[in-house]
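Colleague: Numbering-wise (our numbering), the sequence shown opens with residue 95 and increments by one.
Please see the structure below; I have some questions.
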Amino acid sequence: MEVILSQDVQSMGKVGDIVKVKEGYARNFLIPRKMACLATPANRKKIEQLEKKKKMEYEKQRIEAQKLAERLHKVSCTVNVEVNDLDKLYGAVTVGEVVNALEVEGFPIDKKDIVIEKPIEELGIFEVGVKLHPEVTAKVRLWVTKK
95 MEVILSQDVQ SMGKVGDIVK VKEGYARNFL IPRKMACLAT PANRKKIEQL EKKKKMEYEK
155 QRIEAQKLAE RLHKVSCTVN VEVNDLDKLY GAVTVGEVVN ALEVEGFPID KKDIVIEKPI
215 EELGIFEVGV KLHPEVTAKV RLWVTKK
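Right, here's the structure in full:
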């Protein structure tokens with residue numbers, strides 16, 4: 095019997111996959127738990143429409159992320175830090191400080207989307223990555239200056 099998975103099922107497949115299972119397994123386990131539905135022509139068509147809609151939404155989000163990446167590429171953020179007599183930072187610049195600097199510039203970015211490749215432990219100009227979409231990453235110029 096063929097069913098369309100409506101949830102990810104371990105060792106069987108992901109949402110939207112059409113898989114062959116034994117009739118008893120489908121009728122007694124998968125279908126009652128809403129993990130799958132019968133692979134009728136109507137259900138197949140519905141799944142195709144959902145996948146098409148998902149692809150369009152994904153593409154729309156990617157285009158929006160690219161536009162935001164272009165705007166972010168033009169931005170320079172400044173982080174003021176405390177330093178000692180030798181102009182050494184007391185600690186590294188944190189992701190939170192980068193997020194705050196971006197918010198000041200008008201870009202509310204989540205902490206988990208900031209990518210700092212190596213710790214920023216000195217004054218200067220650095221490139222910081224911002225992951226906007228699985229396929230789009232922007233680079234932001236970060237100025238680290240002393241207070």
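In this text, a Cβ means the ideal position worked out from N, Cα and C, and glycines have one as well.
(1) Span of the alpha helix (DSSP H) holding Ile141?
(2) Do you know whose CA, among Ser105, Gln104, Val115, lies nearest Val97's CA?
(3) Helix, strand or coil: how does DSSP classify Val103 here?
(4) Is the segment 121 to 138 touching the segment 147 to 166, taking contact as three or more C-beta pairs under 8 Å?
(5) Output needed for Asp102: all residues of its chain with C-beta closer than 8 Å, excluding positions within five of it in sequence on either side, in chain order.
(6) In its own chain, which residues sit with a C-beta less than 8 Å from the C-beta of Val169, not counting the 5 before and 5 after it?
Modeller: Walking through what the data contain:
(1) 135 to 167
(2) The candidate whose alpha carbon is nearest that of Val97 is Val115.
(3) strand
(4) no
(5) Lys108, Val109
(6) Leu196, Glu199, Phe201, Val234, Arg235
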